[in-house]
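The opening residue of the sequence shown carries number 9 in the working numbering; numbering runs sequentially from there.
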Amino acid sequence: ESRGYTLSVRNKKGQPIDLTVLDQVPVSADESVDVKLDVPDGISHEEKTGMLTWKLNLAPGTERKASFGYTVKSPKNRRVLLE
């Protein structure tokens, strides 16, 4: 199973803003289930918790986007719920 997401942020204010965006990806507690991440540079990943952190300084009127994804591989007899 694979999942992909795009994060998009826009500064509609007339002044620059500092912004921290947090998200989370799955972490496997079972060695037979493998989670592979595709995280771009600029987004930090904490392996134990699966937390993603994206720190930005947005100028007025600007928009930034970042895409990330993950793939989960598990044995065929094992059902994995990705939500």
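Glycine included, every Cβ here is placed at the ideal spot set by N, Cα and C.
These numbers were taken from a predicted model, which means no experiment stands behind them.
Asked                                                                                                              : Found
Can you grab the Cα-Cα spacing for the pair V35 / R87, in whole Å?                                                 : 15 Å
Give me the residue from L89, A74, L45, G22 with the minimum Cα distance to N67.                                   : Residue 67 is actually Ala in this sequence, not Asn. Among L89, A74, L45, G22, the Cα nearest to that of A67 is on G22.
Quick check on the burial criterion: 16 or more other C-beta atoms within 10 angstroms. Buried or exposed for A74? : buried
Rounded to whole angstroms, what is the Cα-Cα separation between L30 and P83?                                      : 30 Å
Can you tell me where the beta strand (DSSP E) with Q32 in it begins and where it stops?                           : 25 to 32
Measure the Cβ-Cβ separation of V17 and R72 and say whether it is below 8 Å.                                       : yes
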